[in-house]
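Engineer: Residue numbers (our numbering): 64 to 123.
Take this structure first; my questions come after.
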Amino acid sequence: MENSEIRSLSASEIQERIVAEKENLTKLQFAHNISPIENPNRIRESKRLIARLKTILTAK
């Protein structure tokens with residue numbers, strides 16, 4: 064998801080997206096702890112997306 068797409072969302076939509084991404088991150092980390100996932104960079108990407116969402120939410 065690009066920054067321009069995030070900026071076009073409303074504040075409530077961003078908050079919903081943050082909750083969904085946090086759940087996704089938790090699942091990824093849990094799966095990775097049990098057995099290594101194919102692409103561990105997905106964890107990093109998910110963390111960065113959450114940070115981007117929080118930053119734009121704070122700016123609004």
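Yeah, the Cβ is synthetic: ideal placement off N, Cα and C, and Gly gets one too.
Let me confirm a value: Glu84 is counted as buried when at least 16 other C-beta atoms fall within 10 Å, else exposed. Which label applies?
Structural biologist: Counting Cβ neighbours within 10 Å, Glu84 comes out buried, since at least 16 surround it.
Engineer: What's the C-alpha gap between Ser98 and Asn87?
Structural biologist: Roughly 17 Å between the two C-alpha positions.
Engineer: Got a sec, what are the start and stop residues for the alpha helix (DSSP H) Glu79 sits in?
Structural biologist: Unbroken alpha helix (DSSP H) run through Glu79: 74 to 97.
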